[in-house]
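Right, one structure below, let's go through it.
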Amino acid sequence: MLHWCYFSCGETSVVHHVDQQQIEVLLLPSKSPLLSSSTQHITYSMRDKLYYLMDRKNLKWLSLAVLVFQTTLLVLILHYSRVQKVDGPRYLSSTAVVTAEIIKLLTCVVFIAHQHSWNYVGFWNEICTECYIKSKDALKTAIPAFLYVVQNNLLFLSLSKLDAATYQVTYQLKILTTALFSVALLGKKLNSQKWISLLLLTVGIALVQLPKDLGKVTSSTTKLSISTDPERMIGLLAVIAACFSSGFAGVYFEKVLKGSSVSLWMRNLQLAFFSLFGGFFMVWFYDSKQVNEYGFFQGYNSIIWIVVLLQAYGGLIVALVVKYADNILKGFAVSFSIVLSSLMSYWLLDDFQPSLIFAIGAMVVIFSTFFYGYEPKQLPKVVQLES
Numbered sequence: 001m002l003h004w005c006y007f008s009c010g011e012t013s014v015v016h017h018v019d020q021q022q023i024e025v026l027l028l029p030s031k032s033p034l035l036s037s038s039t040q041h042i043t044y045s046m047r048d049k050l051y052y053l054m055d056r057k058n059l060k061w062l063s064l065a066v067l068v069f070q071t072t073l074l075v076l077i078l079h080y081s082r083v084q085k086v087d088g089p090r091y092l093s094s095t096a097v098v099t100a101e102i103i104k105l106l107t108c109v110v111f112i113a114h115q116h117s118w119n120y121v122g123f124w125n126e127i128c129t130e131c132y133i134k135s136k137d138a139l140k141t142a143i144p145a146f147l148y149v150v151q152n153n154l155l156f157l158s159l160s161k162l163d164a165a166t167y168q169v170t171y172q173l174k175i176l177t178t179a180l181f182s183v184a185l186l187g188k189k190l191n192s193q194k195w196i197s198l199l200l201l202t203v204g205i206a207l208v209q210l211p212k213d214l215g216k217v218t219s220s221t222t223k224l225s226i227s228t229d230p231e232r233m234i235g236l237l238a239v240i241a242a243c244f245s246s247g248f249a250g251v252y253f254e255k256v257l258k259g260s261s262v263s264l265w266m267r268n269l270q271l272a273f274f275s276l277f278g279g280f281f282m283v284w285f286y287d288s289k290q291v292n293e294y295g296f297f298q299g300y301n302s303i304i305w306i307v308v309l310l311q312a313y314g315g316l317i318v319a320l321v322v323k324y325a326d327n328i329l330k331g332f333a334v335s336f337s338i339v340l341s342s343l344m345s346y347w348l349l350d351d352f353q354p355s356l357i358f359a360i361g362a363m364v365v366i367f368s369t370f371f372y373g374y375e376p377k378q379l380p381k382v383v384q385l386e387s
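Printed below as a string of structure tokens:
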């Protein structure tokens with residue numbers, strides 16, 4: 001849907017068409033009935049400048065930069081929240097996920113209401129139309145929500161069957177499965193340079209996330225390999241299935257976002273709503289006993305609430321990245337943030353010692369990131385003129 005806006009510029013008049021998605025990102029109401037006509041012209045002129053600055057290409061790189069910052073900060077604070085000394089029981093990760101989804105849902109409600117200039121009738125009509133009347137379309141977001149629940153359970157299973165090194169290395173296959181589904185579902189074309197970059201990124205981030213005591217893990221795993229081969233095979237199959245689930249869910253949600261005129265905030269509202277069912281299931285399945293004993297918000301403090309807020313708004317940032325960039329670039333951004341958060345953990349928390357393997361992996365990640373985006377300059381063709 002396009003908004004056609006009339007701008008008065010002296011004696012000339014210019015008609016601009018403005019993508020509605022840009023209006024939604026800027027969070028500006030589409031109408032301002034309380035303003036005078038002269039003020040309205042000034043407001044529209046300012047909006048026009050904002051639209052020029054916040055075009056699709058700028059939003060693409062801005063959203064990726066914000067994702068790197070958010071993910072790095074989340075990893076650092078999340079790690080600190082798990083190691084800080086607390087009196088009483090620690091907070092439950094499952095309840096933090098549910099709380100983050102509730103905050104995300106309420107945030108989307110606020111944004112949608114703002115787009116309607118806080119007009120109750122228009123707001124309620126959009127909610128009813130997109131969530132009830134068009135229920136079949138809304139159910140599209142239930143698929144990635146369900147797959148994320150499946151993915152989390154598969155990861156829990158794989159962690160119980162595999163050592164940390166095998167798990168971390170194997171789980172990086174999600175980078176390649178995301179690329180495969182991008183080609184299959186979205187028709188994305190990747191040349192040999194792109195595929196080499198993705199392979200390098202997979203290897204690099206696997207090296208970065210290898211545990212420091214790799215030798216001990218490898219030796220102990222070798223000793224137990226004869227008796228635990230079936231268990232390890234189950235763990236490997238679980239983590240590989242999680243990689244495919246992650247890749248498909250991410251690309252499918254990208255297709256849903258880019259393939260319809262439904263607003264970004266409405267899609268996030270629908271996704272958060274369906275994700276709550278899976279979130280509450282995880283709380284019941286894994287932590288129901290502790291919740292009954294100590295309460296849903298056990299162990300919550302200011303640090304935990306920061307983690308929850310970062311998790312909630314991180315989901316919205318990911319949606320922006322998927323909308324204006326793609327899942328492959330999101331993978332590069334997240335991988336780069338893992339390297340950055342590891343270095344920040346070394347400098348700020350003093351609980352990480354970089355190894356040679358980490359340094360090699362970090363250089364491979366950085367190189368693959370630049371190599372993926374590198375486009376050689378094409379020399380102009382020389383045309384010979386007949387004399």
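If you read the sequence shown in UniProt numbering, its first letter stands for residue 1, the second for the next number, and so on. Ideal Cβ positions, reconstructed from N, Cα and C, are used throughout, including at glycine.
Check, Outcome
"Run of the alpha helix (DSSP H) containing I293, from where it starts to where it stops", "According to the sequence displayed, residue 293 carries Glu and not Ile. Looking at the DSSP string, the run of the alpha helix (DSSP H) that includes E293 is L264 to Y294."
"With 16 other Cβ atoms within 10 Å as the buried cut-off, status of R267", "buried"
"Alpha-carbon to alpha-carbon, I303 and N83", "The identity of residue 83 in the sequence shown is Val, whereas the question assumes Asn. Roughly 12 Å separates the two Cα atoms."
"Contacting residues, own chain, Cβ-Cβ under 6 Å from G247 (five flanking each side not counted)", "K174, T177, T178 and F181"
"Bounding residues of the alpha helix (DSSP H) (the contiguous stretch that carries E101)", "S93 to Q115"
"Where the alpha helix (DSSP H) containing G361 begins and where it ends", "L356 to G373"
"Burial state of Y6, where buried means 16 or more other Cβ atoms lie within 10 Å", "Since pLDDT at Y6 reaches only 33, below the 50 mark, its modelled position is unreliable, and the value read off the structure follows with that caveat. With fewer than 16 Cβ atoms within 10 Å of its Cβ, Y6 is classed as exposed."
"Alpha-carbon spacing of E24 relative to C108, whole angstroms", "Bear in mind that a pLDDT of 43 at E24, under 50, signals an unreliable position, so the number given afterwards is only what the model happens to contain. Looking at the two C-alpha atoms, the distance is approximately 11 Å."
"DSSP three-state assignment for K189, whether helix, strand or coil", "coil"
"Three or more C-beta pairs below 8 Å linking the segment 268–276 and the segment 140–150", "yes"
"Cβ pair count under 8 Å reaching 3, the segment 198–212 against the segment 355–373", "yes"
"Check whether G278 and F146 have beta carbons under 9 Å apart", "yes"
"Neighbour-count burial assignment, W118, 16 or more Cβ in a 10 Å radius", "exposed"
"Length of the line joining the Cα atoms of F352 and Q290", "31 Å"
"Closer than 8 Å: Y148 CB and nearest the ligand GDP heavy atom", "The ligand GDP is not part of the structure shown, which contains no ligands of any sort."
"Cβ-Cβ separation, Q298 to W92 (assumed contact under 8 Å), whole Å", "The amino acid occupying residue 92 in the given sequence is Leu; Trp does not appear at that position. With 8 Å as the limit, L92 and Q298 qualify as a contact, their Cβ atoms being about 7 Å apart."
"Reduced DSSP category for S63 - H, G, I as helix; E, B as strand; rest coil", "helix"
"Nearest-angstrom Cα separation, counted from I338 out to L349", "15 Å"
"Three CB pairs or more closer than 8 Å across the segment 156–172 and the segment 252–267", "no"
"contact_flag[the segment 233–251, the segment 181–197] where n(CB pairs < 8 Å) is 3 or more", "yes"
"Residues of its chain near K330, where Cβ-Cβ distance is below 6 Å and the 5 sequence neighbours each way are ignored", "V321"
"Inter-residue CB distance, M200 and F371 (contact presumed, cutoff 8 Å)", "At residue 200 the sequence reads Leu, which differs from the Met that was named. Indeed, because the Cβ distance is near 7 Å, the residues count as touching under 8 Å."
"Every unbroken alpha helix (DSSP H) within the segment 137–181, with a cutoff of 4 residues, ordered by chain", "142–161 and 164–171"
"Within 9 Å, strictly: CB atoms of A249 and L67", "no"
"Residue range of the alpha helix (DSSP H) that includes V308", "S302 to Y324"
"I133: first and last residue of the uninterrupted alpha helix (DSSP H) it sits in", "That residue, I133, is in no alpha helix (DSSP H); it is neither H nor E in DSSP."
"Cβ-Cβ distance between S275 and E126 below 9 Å", "no"
"R90 (DSSP reduced to helix, strand or coil)", "coil"
"Rounded C-alpha distance that separates C131 from K258", "18 Å"
"M282 beta carbon less than 9 Å from that of V149", "yes"
"Proximity below 9 Å, CB of I328 to CB of L198", "yes"
"Alpha carbon of W61 to alpha carbon of Y324, nearest angstrom", "9 Å"
"7 Å CB neighbourhood of I317 in its chain, flanking five on each side removed", "S63, V66, L67 and Q70"
"Proximity to F280 [Cα-Cα], best of S94, Y80, L73 and N58", "S94"
"Rounded C-alpha distance that separates T99 from S192", "43 Å"
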